[in-house]
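J.: Attaching a single structure in structure tokens format; questions to follow.
Number of protein chains: 2
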Amino acid sequence: MARSRLTPERESELYEAVLDLLREVGYDGLTMDAVAGRTHSSKATLYRQWGSKPELVAKALRHNKPAGLAEIDTGSLRGDFHAMLERTDDCQMEKDSALMRGLAHAVHENPELHRALRELLIEPEMSEFDEVLRRAVDRGEVSADNPALKLLPHMLFGAFVARPLIEDRPVDRAFLAVYVDAVVLPSLGV
Amino acid sequence: MARSRLTPERESELYEAVLDLLREVGYDGLTMDAVAGRTHSSKATLYRQWGSKPELVAKALRHNKPAGLAEIDTGSLRGDFHAMLERTDDCQMEKDSALMRGLAHAVHENPELHRALRELLIEPEMSEFDEVLRRAVDRGEVSADNPALKLLPHMLFGAFVARPLIEDRPVDRAFLAVYVDAVVLPSLGV
Numbered sequence: 002m003a004r005s006r007l008t009p010e011r012e013s014e015l016y017e018a019v020l021d022l023l024r025e026v027g028y029d030g031l032t033m034d035a036v037a038g039r040t041h042s043s044k045a046t047l048y049r050q051w052g053s054k055p056e057l058v059a060k061a062l063r064h065n066k067p068a069g070l071a072e073i074d075t076g077s078l079r080g081d082f083h084a085m086l087e088r089t090d091d092c093q094m095e096k097d098s099a100l101m102r103g104l105a106h107a108v109h110e111n112p113e114l115h116r117a118l119r120e121l122l123i124e125p126e127m128s129e130f131d132e133v134l135r136r137a138v139d140r141g142e143v144s145a146d147n148p149a150l151k152l153l154p155h156m157l158f159g160a161f162v163a164r165p166l167i168e169d170r171p172v173d174r175a176f177l178a179v180y181v182d183a184v185v186l187p188s189l190g191v
Numbered sequence: 002m003a004r005s006r007l008t009p010e011r012e013s014e015l016y017e018a019v020l021d022l023l024r025e026v027g028y029d030g031l032t033m034d035a036v037a038g039r040t041h042s043s044k045a046t047l048y049r050q051w052g053s054k055p056e057l058v059a060k061a062l063r064h065n066k067p068a069g070l071a072e073i074d075t076g077s078l079r080g081d082f083h084a085m086l087e088r089t090d091d092c093q094m095e096k097d098s099a100l101m102r103g104l105a106h107a108v109h110e111n112p113e114l115h116r117a118l119r120e121l122l123i124e125p126e127m128s129e130f131d132e133v134l135r136r137a138v139d140r141g142e143v144s145a146d147n148p149a150l151k152l153l154p155h156m157l158f159g160a161f162v163a164r165p166l167i168e169d170r171p172v173d174r175a176f177l178a179v180y181v182d183a184v185v186l187p188s189l190g191v
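Residue numbers (this note's numbering), protein chains in the order written: chain A, 2 to 191; chain B, 2 to 191.
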């Protein structure tokens, strides 16, 4: 795909607008027309650049993620998890949680969105987590055959999505730090 | 509320119709007119009996739940969890998972639904889990100050909702049994 005509700043602006719209109207309500309108670009540019709405949304979400989780390497698994938490502020987490709730529903009805999210967001992020876990296994902190190694995304997703639903409280760093220490690390035998 | 005019069979039928509609059109798409139409009842009856759409939906969901989780008492926490899993079949779980994904989104935009679900579904179910956990604490299986005691719903919700999203596979009994053994019990120190 030819991306040469968009500066990184312009691309960022577009992704921010997509995420704002996603929070305001949800995936089904988001139209390429609305993105074009809000960003003062043409629909032709959007389609040339991103191909489709699911791809645009998945790339916007990926853009939103702090890069290079796998580069965090504090020397202990607990240190790595807590360093990850340090990198996101509470306000951002609350926004992410709302987006994830909306998307968990939307992917159910939009297989194309599901595919784009898996390919562009879920799988790359899982690879980064796998890298952090692999180092813990190499250090001997976690047993290589611990079945919880494959369940980390499920545990974290539960923390993110369930707290607002069950406790009626937003997800924040303090809660996730407790969850990591009380659920994630014990399941991994750390 | 006067419930005298509905037999338990008729009430069941109504709840089933509400859940079918919920799966077909989602919470926002579900109207009291559609419920009345499908069940050949009058809207006046529905409102007299349930007061509002959020209350009707919450009661239909509660009706759908296997009763008396707290009565399961096998003598060990692991036994209790696995006995709970035995009580639901895979097909039912897949349906529940789809409903939960839809509702996680809907409650975000419908505080009245959130309130009804918390009061009629989430809190009663959490009380039942608390009872099962309390017995494990009394038996000395789980330490009374284990922080994971308060995080069980989050762990389970993650397993239910994340598997289709992350692995593109439905939730089934075999997966939940692995999750209970690999995540839930270790976090509780069992």
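The beta carbon of each residue, even a glycine, is placed where N, CA and C say it ideally should be. These numbers were taken from a predicted model, which means no experiment stands behind them.
Check the Cβ of M85 of chain B against every Cβ in chain E and list those closer than 8 Å, keeping chain order.
T.: Within the model displayed, chain E is absent; protein chains A and B are what it includes.
J.: Is it right to say V26 of chain B is buried, meaning 16 or more other beta carbons lie within 10 angstroms of its own, or is it exposed?
T.: Position 25 of the second sequence, counted from the start, is the residue given in the question as residue 26 of chain B. Exposed.
J.: Which residue comes first and which comes last in the alpha helix (DSSP H) that contains T32 of chain A?
T.: The sequence position of residue 32 of chain A within the first sequence is 31, counting from 1. Premise fails: T32 of chain A is in no alpha helix (DSSP H) and is neither H nor E.
J.: Between the region 151–180 of chain B and chain A, which residues of the former have a C-beta closer than 9 Å to a C-beta of the latter?
T.: If the cut-off is 9 Å between Cβ atoms, the region 151–180 of chain B has K151, L152, P154, H155, M156, L157, F158, G159, A160, F161, V162, A163, R164, P165, L166, I167, E168, D169, V179 and Y180 near chain A.
J.: State the DSSP-derived secondary structure class of H109 of chain B, mapped to helix, strand or coil.
T.: One-based indexing of the second sequence puts residue 109 of chain B at position 108. Correct three-state label for H109 of chain B: helix.
J.: Checking contacts by CB at 8 Å: is G119 of chain B closer than that to chain A?
T.: Sequence index remark: in the second sequence, residue 119 of chain B carries index 118 (1-based). Per the sequence presented here, residue 119 of chain B reads as Arg, with Gly not at that position. Answer yes: the Cβ-Cβ gap between R119 of chain B and chain A drops below 8 Å somewhere.
J.: Could you check which residue in A:R24, A:Y16, A:A71 and A:T32 has the C-alpha nearest to that of F130 of chain A?
T.: Here residue 130 of chain A corresponds to residue number 129 of the first sequence, with the count starting at 1. The shortest Cα separation from F130 of chain A among A:R24, A:Y16, A:A71 and A:T32 belongs to A:A71.
J.: What's the call for A3 of chain A, buried or exposed, on a 16-neighbour Cβ count within 10 Å?
T.: Translated into the one-based positions of the first sequence, residue 3 of chain A becomes position 2. Below a pLDDT of 50, predicted positions are generally treated as unreliable, and A3 of chain A, at 48, falls in that range; no measurement from the model is reported.
J.: Can you pull the chain A neighbours of V143 of chain B, defined as C-beta to C-beta under 7 Å?
T.: The sequence position of residue 143 of chain B within the second sequence is 142, counting from 1. Result: empty, since nearest Cβ-Cβ is about 12 Å, beyond 7 Å.
J.: Whole-angstrom Cβ separation of E14 of chain A and T40 of chain A, contact assumed at under 8 Å?
T.: Walking along the first sequence from the start, residue 14 of chain A turns up at place 13. Walking along the first sequence from the start, residue 40 of chain A turns up at place 39. Going by Cβ atoms, the distance from E14 of chain A to T40 of chain A rounds to 7 Å, so yes, they are a contact pair.
J.: Could one say the Cβ of H109 of chain B lies closer than 8 Å to chain A's Cβ atoms, at least one of them?
T.: Within the second sequence, numbered from 1, the residue matching residue 109 of chain B stands at position 108. Yes - at least one Cβ of chain A is within 8 Å of the one on H109 of chain B.
J.: How long is the line joining the alpha carbons of G193 of chain B and V133 of chain B, rounded to whole angstroms?
T.: No information on residue 193 of chain B is available, as it lies outside the stretch 2 to 191 that chain B covers here.
J.: Express the C-alpha separation of E168 of chain A and H64 of chain B in angstroms, rounding to a whole number.
T.: The residue you call residue 64 of chain B lines up with position 63 of the second sequence. The residue you call residue 168 of chain A lines up with position 167 of the first sequence. Spanning the two alpha carbons is a distance of roughly 22 Å.
J.: Keeping to the same chain, check which residues put their C-beta closer than 7 Å to that of A178 of chain B; ignore five residues upstream and five downstream.
T.: Position 177 of the second sequence, counted from the first residue, corresponds to residue 178 of chain B. Once the five neighbours on either side are set aside, the close Cβ partners of A178 of chain B are H83 and L86.
J.: Express the C-alpha separation of R24 of chain A and D91 of chain A in angstroms, rounding to a whole number.
T.: For the purposes of this step, residue 91 of chain A is identified with residue 90 of the first sequence, where counting begins at 1. For the purposes of this step, residue 24 of chain A is identified with residue 23 of the first sequence, where counting begins at 1. Taking the straight line from one Cα to the other gives about 17 Å.
J.: Between the Cα of D74 of chain A and those of A:A137, A:Y180, A:L7 and A:H155, spot the shortest distance and give me the residue it belongs to.
T.: Residue numbering aside, residue 74 of chain A sits at position 73 when the first sequence is read from its first letter. When each option's Cα is compared against that of D74 of chain A, the closest is A:A137.
J.: Use the C-beta contact count for G159 of chain B: other C-beta atoms within 10 angstroms, 16 or more gives buried, fewer gives exposed.
T.: Within the second sequence, the letter at position 158 stands for residue 159 of chain B. Looking at its Cβ environment, which holds 16 or more other Cβ atoms inside 10 Å, G159 of chain B is buried.
J.: At a CB-CB cut-off below 7 Å, which residues of chain A make contact with V133 of chain B?
T.: As a working note, residue 133 of chain B is residue 132 in the second sequence. What V133 of chain B touches in chain A: nothing, since even the nearest Cβ is about 17 Å away.
J.: For a test of the three-state rule: what should DSSP assign to V179 of chain A, helix, strand or coil?
T.: Position 178 of the first sequence, counting from 1, holds the residue named residue 179 of chain A. If DSSP states are grouped into helix, strand and coil, V179 of chain A belongs with the helices.
J.: For H41 of chain A, would you say it is in contact with chain B, using Cβ-to-Cβ distances shorter than 8 Å as the test?
T.: Your numbering for residue 41 of chain A matches position 40 in the first sequence. So no, H41 of chain A is outside the interface.
J.: Any idea what DSSP makes of D74 of chain A, helix, strand or coil?
T.: Here the question's residue 74 of chain A lines up with position 73 in the first sequence. Three-state DSSP puts D74 of chain A in coil, outside helix and strand.
J.: Quick one, which residues of the region 53–69 of chain B are near chain A if we go by CB-CB under 9 Å, in chain order?
T.: Flagged: no residues at all.
J.: Under 7 Å Cβ to Cβ from L121 of chain B, same chain only, skipping five residues before and after it: list those, please.
T.: Walking along the second sequence from the start, residue 121 of chain B turns up at place 120. Same-chain partners within the cutoff: A59, K60 and R63.
J.: Report yes if the C-beta distance between A105 of chain A and L189 of chain B is below 8 Å; otherwise report no.
T.: As a position in the first sequence, residue 105 of chain A is number 104, starting the count at 1. As a position in the second sequence, residue 189 of chain B is number 188, starting the count at 1. Cβ distance not < 8 Å, so A105 of chain A and L189 of chain B don't count as in contact.
J.: Mind pulling the alpha helix (DSSP H) runs of 4 or more residues that sit fully within the region 96–152 of chain A?
T.: Counting whole runs of 4 or more residues, the region 96–152 of chain A contains the alpha helix (DSSP H) stretches 112–118 and 124–140.
J.: Along chain A, which residues have their Cβ under 8 Å away from the Cβ of A149 of chain B?
T.: Counted from its first residue, the second sequence places residue 149 of chain B at position 148. Going along chain A in sequence order, the residues near A149 of chain B (Cβ under 8 Å) are A183, V184 and P187.
J.: Beta-carbon separation of V162 of chain B and R102 of chain B under 8 Å?
T.: Position 161 of the second sequence holds residue 162 of chain B. Position 101 of the second sequence holds residue 102 of chain B. Going by C-beta atoms, V162 of chain B is nearer than 8 Å to R102 of chain B.
J.: Assign P112 of chain B to buried or exposed, taking buried as 16 or more other Cβ atoms, counted over all protein chains shown, within 10 Å of its Cβ.
T.: For the purposes of this step, residue 112 of chain B is taken as the residue at position 111 of the second sequence. Looking at its Cβ environment, which holds fewer than 16 other Cβ atoms inside 10 Å, P112 of chain B is exposed.
J.: For A105 of chain A, go through chain B and note every residue whose CB falls closer than 8 Å to its CB, in chain order.
T.: Looking up residue 105 of chain A in the first sequence gives position 104. Near A105 of chain A (Cβ distances below 8 Å), the residues of chain B are R102, A105, H106, V162 and L166.
J.: Quick one: list the residues of chain A neighbouring A45 of chain B, beta-carbon separation under 7 Å, in chain order.
T.: Counting from 1 along the second sequence, the entry for residue 45 of chain B is found at position 44. Per Cβ cutoff of 7 Å: no residues; A45 of chain B is ~32 Å from chain A at best.
J.: Can you look up V184 of chain B in the DSSP assignment and give me helix, strand or coil?
T.: Taking the second sequence and counting its residues from 1, one reaches residue 184 of chain B at position 183. DSSP places V184 of chain B in helix when its eight states are reduced to three.
J.: Please state whether the Cβ-Cβ distance between L150 of chain A and Y180 of chain B is less than 8 Å.
T.: Looking up residue 150 of chain A in the first sequence gives position 149. Looking up residue 180 of chain B in the second sequence gives position 179. For L150 of chain A and Y180 of chain B, no; Cβs fall outside 8 Å.
J.: Can you list the residues of chain A that A99 of chain B reaches, using a CB-CB cut of under 9 Å?
T.: Working through the second sequence from its first residue, we reach residue 99 of chain B at position 98. The contacting residues are H109.
J.: State yes or no: is the beta carbon of A3 of chain A nearer than 8 Å to at least one beta carbon in chain B?
T.: Taking the first sequence and counting its residues from 1, the one referred to as residue 3 of chain A is at position 2. Note that A3 of chain A has pLDDT 48, beneath the 50 cutoff, so the model's placement of it is unreliable and no number is given.
J.: According to DSSP, simplified to helix, strand and coil, what is T46 of chain A?
T.: Along the first sequence, one-based indexing puts residue 46 of chain A at 45. Helix at T46 of chain A.
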